[in-house]
Amino acid sequence: MKLTVDVNICRGHGRCYSLAEGLLTYDEDGYVTPRGQVIDVPADQIDDARNAADSCPEGAIDLLD
Numbered sequence: 903m904k905l906t907v908d909v910n911i912c913r914g915h916g917r918c919y920s921l922a923e924g925l926l927t928y929d930e931d932g933y934v935t936p937r938g939q940v941i942d943v944p945a946d947q948i949d950d951a952r953n954a955a956d957s958c959p960e961g962a963i964d965l966l967d
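Reading the sequence shown from the start, the letters are residues 903 to 967 in this note's numbering.
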């Protein structure tokens, strides 16, 4: 599974990185990082990635199989 964060949609609520620690982090402005990149999700973090994507009020996180 792969994950992307749309930089044009993310508003920095922080729900995603609090649910997917170690996979997602945040920058000095509180926005999730990395943004605009495709991230390989390790098998042991797939549930965290799904929870993070589901928690985003803007729908900025896409999961790709």
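Glycine residues also receive a C-beta, built at the ideal position from the N, C-alpha and C atoms. Keep in mind the model is a prediction, meaning the values are calculated, not measured.
Hey, residue i and residue j are a contact pair by Cβ (cut 8 Å); roughly how many whole angstroms apart?
i: G932; j: V909; result: Incorrect: roughly 14 Å between the Cβ atoms, too far for contact.
Give the range of the alpha helix (DSSP H) segment to which residue i is assigned.
i: D956; result: I948 to S957
i: L965; result: Looking at the DSSP string, L965 is not in any alpha helix (DSSP H); the run it does join, the beta strand (DSSP E), is I963 to L966.
i: L921; result: R917 to L921
Please determine, among the options, the residue with the shortest C-alpha to C-alpha distance to residue i.
i: L926; options: R913, V943 and I911; result: V943
i: D956; options: G914, L921 and D929; result: L921
i: E923; options: C912, Q947, V907 and L966; result: Q947
So residue i is in the beta strand (DSSP E); what residue range does that whole segment cover?
i: L905; result: K904 to V907
i: D942; result: V940 to D942
By DSSP's criteria, residue i is part of a beta bridge. Which residues make up the other side?
i: L926; result: E923
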